[in-house]
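Structure first, then comments.
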Amino acid sequence: MTTLAQGVEGGNALLNISIFGLFVIVTMVVVFRASRNTKTASDYYAAGRSFSGPQNGTAIAGDYLSAASFLGIAGAIAVYGYDGFLYSIGFLVAWLVALLLVAELLRNTGKFTMGDVLAFRMRQTPVRAAAATSTLAVSFFYLLAQMAGAGGLVSLLLGIEADAGQAVVIAVVGVVMIIYVLVGGMKGTTWVQIIKAALLIAGAFAMTVWVLGRYGLNLSELLGAASERAGGNDALLNPGERYGVSGTSQLDFLSLGIALVLGTAGLPHVLMRFYTVPTAKEARRSVVWAIVLIGLFYLFTLVLGYGAAAIVGSDTISNAPGGENSAAPLLAQALGGPVLLGFIAAVAFATILAVVAGLTITASASFAHDVYANVIKKGKVDSKNTEVRVARITACVIGAVAIIGGILAKDQNVAFLVALAFAVAASANLPTILYSLFWKRFNTSGALWSIYGGLTVTVVLIIFSPAVSGTEKSMFTGVDFHWFPLQNPGLVSIPVSFFLGWLGTVLSKEHLEDKHKEMEVRALTGAGAEKATSH
Amino acid sequence: MSTTEPSTHPPGPETWAEVHASAEFQQLRKRLRNFVFPMTVLFLAWYLLYVVLADYAHGFMSTKVVGNINIGLIFGLLQFVSTFVITWLYVRYANRKLDPIADKIREDIEGDAQ
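Protein chains in written order, with my numbering: chain L, 466 to 1000; chain S, 6 to 119.
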């Protein structure tokens, strides 16, 4: 057992695994119970549209508060102080875009995917193919981020340093996730997310109270202690520790800020959650619940990040296996010993599991519903069961990709990888969705230009950014082919994508204004919207 | 069959255009846009102000107000407050000003269709 316990000193790998195993058993029971009613495509993709606003809001929080939020942000605050706080603010404020502009209108005009909304008035085949492409791209980046987190966690929490051992654990996580998705469909996945959100928020809340309790429930004192431990010059409390180094890094901060706030409402797995409720009004309630839960959680991470800096110390965190991502687990251990560490470790694994399941069901739905049923079969699928079968097969393929990606993408900062997914979502998806809902002149050509253009610009800028090559922290060290100065492409790619959507539209002679009138009436009133399934 | 496909036929295209042109719908559309567009501009501007200050006005943001709590932290926490407040305002507005009209128009359309 000694080899197993090396991850975190004093951590008990067996205990960590047992608590996580308990979570898996409980959720499996729930998923199998939920699967009894999963029969149609609407059941599989959208849980029969039968969740209530509060349930869906909690599931959204579960889907959204990924390992990046929990481990990445707490870690960034612990190591870089104030600059880590920006992530939480961007991730939260972003929900207003979803609340005000997207959630309800999307719920009223689509069935399962983003492609549905575009296909409402545009030429089905090309826009569905485009929507599926960007959905798969965003899901891929996001999956990579989650699985990178899983890889880091394995070495941190289970003390498994050998590559083969880590690969086995990641594979097990991936297989459990595939079972959730295959058996439970959207309903099972949603319940996993609800359970996980409750555990995560409760755990973060308990630790927050614990940390604050040590400093007389006084935030100022906690900040003082964190700053003291970091060298006493207030660097941790003031902005600029990470992004204030040079003019370029300041621009990077701006770019990141924009990508974060505009990305959320373009994330396919978030969009798909709006279809699991019966009405637009419930979609609105979902977002309200999500905003409250997510907002509270980010306030907790602020305390946890500074708590980790004060109690564990930034240097210890940076040097721990898993680096920044280890701040929250190390803090848990310092506070409550192996039992709390075990709980937090299990929650972190559960988080990855639930988010990856949500991404997988979204990506598989997009492939089966948009590409297979509507592009390949031209809407003439023999039975709905065939479409669901294709979705299940796709889920297995994506699960395999996630496992391989997780094994390869260890040691990347998960918050950073998620920020890239946000940049793609904000560039390729958001302009297209907003134009589609609010601009009557928008047409097929505009949609294709903004999706493919936005996606291409974003991916090209990422490939030639210092995030991929040219610096010590790059994905590839030792080679340098970067010419774009910023880590995050949002500052350039988002305006370019909006511009391309406009340009593509006005260059095309296609006019769809009549169809837009129908879409707008449906979007605003909910007339003819998909109803809940009654079992 | 428990899934409902959306009915595209009743009401036909003319009816959709008619509904769209009706005074009721135009009022609904105007009310929605009059709220969400200015509010979006407002919260994005407020957020960008925060990002730019945190990015470029280090001295100002580092000014201590109470104990170790500086302007930057207060600014950041105010973003949480404004997000909660805007959410609350929108829900109140939607419940009072949007839902009643939207429900009525929907009932009219779906009533005709049956």
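Glycine included, each C-beta is placed from N, C-alpha and C at the ideal position.
Would you verify that the beta carbon of V56 (chain S) is, or is not, closer than 8 Å to some beta carbon of chain L? yes
Using 8 Å as the threshold, is the C-beta distance between S531 (chain L) and V820 (chain L) below it? yes
Interface flag, N703 (chain L) vs chain S, CB-CB below 8 Å: yes
Are the beta-carbon atoms belonging to N573 (chain L) and A988 (chain L) less than 8 Å from one another? yes
Buried or exposed: which applies to G844 (chain L), given that a residue is buried once 16 or more other Cβ atoms fall within 10 Å of its Cβ? exposed
Cβ-based contacts, 7 Å cut-off: residues of the region 60-93 of chain S near chain L: D60, Y61, H63, M66, S67, V71, G72, N73, I74, N75, G77, G81, Q84, F85, T88, F89, I91 and T92
Does I841 (chain L) pass the burial test, meaning 16 or more other C-beta atoms within 10 Å, or should it be called exposed? exposed
Within the same chain, show all residues whose beta-carbon is closer than 7 Å to that of V567 (chain L), passing over the 5 residues directly before and after it, in chain order. A730 and I898
Quick check on S87 (chain S): does DSSP put it in helix, strand or coil? helix
Less than 8 Å between CB atoms is the rule here; does G709 (chain L) satisfy it with respect to chain A? Of the protein chains in the structure, L and S, none is chain A.
Have a look at L:V752, L:I826, L:F808 and L:L701 and flag the residue whose alpha-carbon is nearest the alpha-carbon of A667 (chain L). L:F808
Using the Cα positions of A597 (chain L) and D835 (chain L), report the straight-line distance between them to the nearest angstrom. 6 Å
At a CB-CB cut-off below 8 Å, which residues of chain L make contact with R111 (chain S)? T990, G991 and A992
Of the choices L:T523, L:L570, L:L583 and L:G616, whose alpha-carbon is the least far from that of A912 (chain L)? L:L583
Taking C-alpha atoms, which residue in L:L480, L:G871 and L:R501 lies nearest to G649 (chain L)? L:R501
Among L:I759, L:F929 and L:R854, the one whose alpha carbon lies nearest that of D528 (chain L): L:I759
Look at the Cβ atom of A506 (chain L), then the Cβ atom of V853 (chain L), and state whether they are nearer than 8 Å. yes
State the Cα-Cα distance for the pair A792 (chain L) and A107 (chain S), rounded to the nearest angstrom. 48 Å
Cβ-Cβ distance between A724 (chain L) and A884 (chain L) below 8 Å: yes
Enumerate in chain order the residues of its own chain whose CB-to-CB distance from A815 (chain L) is below 6 Å, with the five nearest sequence positions on each side excluded. F488 and K661
Proximal residues of chain S, C-beta to C-beta of Q715 (chain L) below 9 Å: D60 and Y61
Per DSSP, which one or two residues make a beta bridge with S934 (chain L)? L:F941
Which partner residues of V71 (chain S) appear in the DSSP bridge assignment? S:I74
Measuring alpha carbon to alpha carbon, tell me which of L:P950, L:E995, L:H981 and L:V957 ends up nearest G712 (chain L). L:P950
Quick check on K974 (chain L): does DSSP put it in helix, strand or coil? coil
Closer than 8 Å at the beta carbon, the chain S residues around F718 (chain L): V56, A59 and D60
Touch test, the region 668-679 of chain L against the region 771-780 of chain L, Cβ-Cβ under 8 Å, three pairs minimum: yes
Between L92 (chain S) and I756 (chain L), is the Cβ-Cβ spacing less than 8 Å? For the record, residue 92 (chain S) in the displayed sequence is Thr; it is not Leu. Closer than 8 Å, so yes.
Endpoints, the alpha helix (DSSP H) within which A419 (chain L) is located: The structure shown does not extend to residue 419 (chain L), since chain L is modelled only from 466 to 1000, so the question has no answer here.
Beta carbon of L571 (chain L) nearer than 8 Å to that of L727 (chain L): no
Quick one: does K938 (chain L) have its CB under 8 Å from some CB of chain S? no
Neighbouring residues, chain S, relative to E985 (chain L) (Cβ below 8 Å): H25 and R34
Should the region 538-549 of chain L be called in touch with the region 735-752 of chain L, which here means at least 3 C-beta pairs below 8 Å? no
Near Q658 (chain L), what residues of its chain come up, given a Cβ to Cβ distance below 7 Å and the 5 sequence neighbours on each side ignored? A524, G527, D528, A819 and G823
Meets three-Cβ-pair contact criterion under 8 Å: the region 681-693 of chain L and the region 854-869 of chain L: no
Which same chain residues, not among the five before or five after L805 (chain L), have their C-beta less than 6 Å away from its C-beta? A797
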